[in-house]
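Heads up: the structure comes next, in structure tokens.
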Amino acid sequence: MVEKKSEIEILSVDLVATWSLDLQVETCAICRNHLMDMCIECHDNLEDDLCTISWGKCGHAFHRHCIQRWLTTKNICPLDTQVWKEENKKFN
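Residue numbers (full-length UniProt numbering): 1 to 92.
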């Protein structure tokens with residue numbers, strides 16, 4: 001049997017992958033930006049690598065800077081008014 005040579009040769013491949021968190025709410029209820037995007041503070045300071053997500057034991061998530069600013073005046077979750085207790089989750 002004669003082996004047929006392909007007319008197409010792949011020289012390189014650039015793979016692209018995306019991911020997202022499995023969230024009940026995908027938007028920060030404080031700044032209204034998507035949780036995978038920068039918060040307003042990081043956007044103003046161009047500090048993308050410092051924009052992390054803070055999870056509450058209630059299951060709600062906010063940008064860390066947003067919830068820290070919120071907690072200076074109220075010690076409750078902005079969505080369900082339970083006392084805010086941070087969950088120790090590290091995703092970004």
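Note that the Cβ used here is the ideal one computed from N, Cα and C, for glycine as well.
Outcome for residue i when other beta-carbon atoms lying within 10 angstroms are tallied against a minimum of 16
i, result
"Arg64", "buried"
"Ser54", "buried"
"Ile67", "buried"
"Ala61", "buried"
"Leu35", "buried"
For residue i: DSSP bridge partner residues
i, result
"Val83", "Ile76"
For residue j and residue i, believed in contact at Cβ under 8 angstroms, the rounded distance
i, j, result
"Trp84", "Ile30", "The pair is not a contact, with the Cβ atoms about 12 angstroms apart (cut-off 8 angstroms)."
"Glu87", "Lys57", "5 angstroms"
Which runs of the beta strand (DSSP E) fall wholly inside the region 21-67 and span at least 3 residues, in chain order? 53-56, 61-63, all fully within the region 21-67.
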